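These notes are about the structure you will find just below.
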């Protein structure tokens, strides 16, 4: 469950499906619908991602992710946080 007006982080090993899950969920938030048999309400989202804007543009077109979702892509510009910097 994702709570309204709360921050949610999807954290897992690379290539485990985080972006796929998020993409399909975001596509349903424009008009509402269902995902995996559960209801998805209409809503807005702000995504902070290390993936490129071109990758997200392609996903938005293919899956119908609407203007209710905004993106901040690659905010660390090569200076990603590491365990030693935390």
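In our numbering, the protein residues as written are -6 to 79.
Positions of the beta carbon are idealized from the N, C-alpha and C atoms, including for glycine.
Small disclaimer: the values here were computed from a predicted structure and weren't measured.
Where the beta strand (DSSP E) containing residue i begins and where it ends
i: residue 65; result: 62 to 66
i: residue 31; result: 31 to 33
i: residue 27; result: 26 to 28
i: residue 15; result: It is not in any beta strand (DSSP E) - residue 15 instead sits in the alpha helix (DSSP H) that spans 11 to 21.
Contact set for residue i: own chain, Cβ-Cβ below 6 angstroms, skip 5 residues either direction
i: residue 23; result: 59, 61
Environment of residue i [buried if 16+ CB atoms lie within 10 Å]
i: residue 0; result: exposed
i: residue 52; result: buried
i: residue 19; result: buried
Own chain partners of residue i with C-beta closer than 8 angstroms, once the 5 adjacent residues on each side are dropped
i: residue 21; result: 27, 28, 33
Spatial neighbours of residue i in its chain, beta-carbon cut-off 7 angstroms, leaving aside the 5 residues before and after
i: residue 68; result: 41
i: residue 15; result: 3
i: residue 25; result: 33, 34, 35
When the options are compared against residue i, the one with the closest alpha-carbon
i: residue 17; options: 66, 70, 54, 76; result: 54
i: residue 2; options: 39, 8, 50, 49; result: 39
i: residue 45; options: 64, 6, 11, -3; result: 64
i: residue -2; options: 57, 31, 37; result: 37
i: residue 47; options: 66, 70, 57; result: 66
i: residue 31; options: 11, -6, 8; result: -6
Cβ of residue i within 8 angstroms of any chain B Cβ
i: residue 61; result: Here there is only one protein chain, and chain B is not present.
Residue interval of the alpha helix (DSSP H) (run including residue i)
i: residue 56; result: 46 to 56
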